[in-house]
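Shown next, in structure tokens, is the structure this report addresses.
In full-length UniProt numbering, the protein residues as written are 1 to 239.
Structure follows, in structure tokens:
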């Protein structure tokens, strides 16, 4: 019994070591991050989609009575909500708390700074944009029209440029903070679909959308332009 237990523990440690080796030398290795992170982002979108379907089908009375296309949009909005929470939290960290882009701790140009984590985050975000574009094309125009295609394409290209060139990652993350408005917009759709458009939750969420939109889409961009003004000479160095 003791021998079997020791063998099991040894096998677990061996698998853990192999997994750690795979992550450190491939998934998080600098040359591979731009590619593995994008593929991982696409894979995680599929995982979240399936989880949304499973959880909603088991616990939501509204989900059960929806049409097929409404269920697809329900799950797809679940993906965008998870992505928005993740990328906006990561963006807030890099812009306001991380030392990576701080002028106090670095003498090199801020526009050329990046790290494994910052590149990984951008790659995962690109994976989301690609997955969502695929969903839009698959069910076009049920999940979004031409404006969604243009928005996702431009966003994906801009983030991809920052990821693969390593340039302007700070400002890319500043823009991505605006994704913080997405969960509230999706919640409005969920409440409307559930027949709760006249509920207090719908009203409170509407007020919250206005406040978050004001901060993340207007005041934040004023701050970004001010930051660009202060670092204009550095920005001219970008190829």
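All C-beta atoms, glycine included, are put in the ideal place defined by N, C-alpha and C.
The structure displayed is predicted, hence computed values, not measured ones.
Asked                                                                                                                                                                    : Found
Tell me the DSSP secondary structure of residue 113 in three-state form.                                                                                                 : coil
Tell me which same chain residues have a C-beta within less than 7 Å of the C-beta of residue 135, skipping the five on either side of it?                               : 76 and 143
What separation, rounded to the nearest whole angstrom, lies between the Cα atoms of residue 101 and residue 66?                                                         : 46 Å
Based on Cα-Cα distance, which residue from 130, 36, 179 and 70 lies nearest to residue 52?                                                                              : 70
For my contact list, residue 213 and residue 181 are in at a C-beta cut-off of 8 Å; report their separation, rounded to the angstrom.                                    : 5 Å
Give the C-beta separation of residue 88 and residue 179 to the nearest angstrom, bearing in mind that I take them to be a contact with Cβ-Cβ under 8 Å.                 : 5 Å
Return the CA-CA distance between residue 193 and residue 104, expressed in angstroms with no decimal places.                                                            : 49 Å
For residue 163, I'd like the list of residues in its chain whose CB is within less than 7 Å of its CB, leaving aside the five on either flank, ordered along the chain. : 34, 119, 122, 123 and 126
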